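This report refers to the structure that appears directly beneath it.
Numbering (UniProt numbering), first residue to last: 1 to 214.
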């Protein structure tokens, strides 16, 4: 048995896996603002930290420990990617930290596991608070920079509540989609087009169902 050849193959395989992770949509660094990036855990690698001159890593996960690099600050609030997770109570802490680093001329990357839900939610909240974007504007702005974002529906409900708190009104509503088989799901209206062909119709908003005005 050629152990040298086997060893080389294993090294090559690990190298290929590493490149695949970096080049995957989840591990890609997505630039939202000149000083703000969004990625998944696969993107938190030394070469990316150096390339983008990151000075602060914001970790939104409960399952991934902080990764430490020289002269790079870590900020973490551990969250589950579950609709029932109370993320709204941390929006101000996340947004304030991002703004604090920015005002010191730092560069921030926010990550969760895939760079789709938790981290995207935090970045959207930041844009609402400090860039005064509406929720609808912030969502489309971030999605334009990173097309795979998909805050879970519970997080979106909390973003709607945050928008109401910040601006006194909302620009996104939760709507009920009914499937042909009787299945029902509440989603933000910005997701409605993604479900065409799978659901019969959009019935009404939660406010309308509950007899409340928007």
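A virtual CB, placed ideally from N, CA and C, is assigned to each residue, including glycine. Treat the numbers as computed from the prediction; the structure is a model and nothing was measured.
- DSSP places residue 111 within a strand segment (E or B) once states are collapsed to three.
- With 16 or more other Cβ atoms inside 10 Å of its own Cβ, residue 159 counts as buried.
- Beta-bridge partners of residue 83 (DSSP): none assigned.
- Here the C-alpha atom of residue 111 lies approximately 25 Å from the C-alpha atom of residue 189.
- Residue 93 sits exposed, since fewer than 16 C-beta atoms from the chains shown fall within 10 Å of its C-beta.
- Here the C-alpha atom of residue 45 lies approximately 21 Å from the C-alpha atom of residue 147.
- Selection 33, 184, 59 and 48 evaluated against residue 27 yields 48 as nearest (Cα-Cα).
- Nearest Cα to residue 125 within the set 114, 105, 106 and 97: 97.
- Straight through space, the alpha carbons of residue 179 and residue 38 are spaced by roughly 33 Å.
- If the five residues before and after residue 116 are omitted, its C-beta is found closer than 6 Å to the C-beta atoms of 148, 149 and 150, all from its own chain and listed in chain order.
- Per the DSSP secondary-structure output, residue 104 pairs with nothing in a beta bridge.
- Under a 10 Å Cβ-count criterion, residue 165 is classified as exposed, with fewer than 16 other Cβ atoms of the shown protein chains found around its own Cβ.
- By the neighbour-count criterion, in which a residue is buried when 16 or more other Cβ atoms sit within 10 angstroms of its Cβ, residue 89 is exposed.
- Shown here, residue 29 sits in coil according to DSSP, grouped into three states, outside any helix or strand.
- When Cβ pairs closer than 8 Å are counted between the two stretches, the region 129-143 is seen not to touch the region 65-81, the count staying below three.
- Following the DSSP letters along the chain, one finds residue 159 inside the alpha helix (DSSP H) bounded by residues 153-167.
- Residue state for residue 53 is assigned as coil, using DSSP reduced to three classes.
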